[in-house]
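Chemist: Here it is: the structure, laid out below.
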Amino acid sequence: MVFLLTAMKFFNRGERNSGIYPIKPNQSKPFNVYCEFTAEGASTVIQRRQDGSVDFDQTWEKYEEGFGGP
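Just so we're aligned: 57 in this note's numbering is position 51 of the sequence shown, and the numbers increase by one with no gaps anywhere.
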């Protein structure tokens with residue numbers, strides 16, 4: 007499997023469906039991110055609030071561990 011670096015790389019290859027995609031930035035191991043696609047381009051989403059139920063005022067340790075849902 008070929009891992010791309012960013013959401014924009016998927017956009018440049020013709021992807022237009024927002025969703026979860028595997029990326030592999032620099033020397034890291036591959037991991038899944040949410041990619042948001044619009045007519046103008048793409049963004050790699052690092053956090054998104056859906057309904058206000060998740061409190062983003064967390065410690066750095068919580069950000070490292072992860073919290074909330076995908």
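We treat Cβ as the ideally placed atom computed from N, Cα and C, and that holds for glycine.
1. Can you give the Cα-Cα distance for Tyr27 and Glu46, rounded to whole angstroms?
2. Hey, Ser24 and Phe43 are a contact pair by Cβ (cut 8 angstroms); roughly how many whole angstroms apart?
3. Does DSSP put Met7 in a helix, a strand or coil?
4. Just to confirm the assignment: which complete beta strand (DSSP E) runs, minimum length 3, are found wholly within the stretch 26 to 59?
5. Pro31 to Arg54, Cα distance in whole Å?
6. Should Phe62 be labelled buried (16 or more other beta-carbon atoms within 10 Å of its own) or exposed?
Modeler: The short version:
1. Take the alpha-carbon of Tyr27 and the one of Glu46: they are about 19 angstroms apart.
2. 5 angstroms
3. Residue confidence is low: Met7 scores 48 on pLDDT, short of 50, so the model does not pin down where it sits. Its coordinate-derived value is still stated next. Met7 falls in the coil class under three-state DSSP.
4. With a minimum length of 3 residues, the continuous beta strand (DSSP E) runs that stay inside the stretch 26 to 59 are 37 to 43 and 48 to 51.
5. 20 angstroms
6. Classification for Phe62: exposed.
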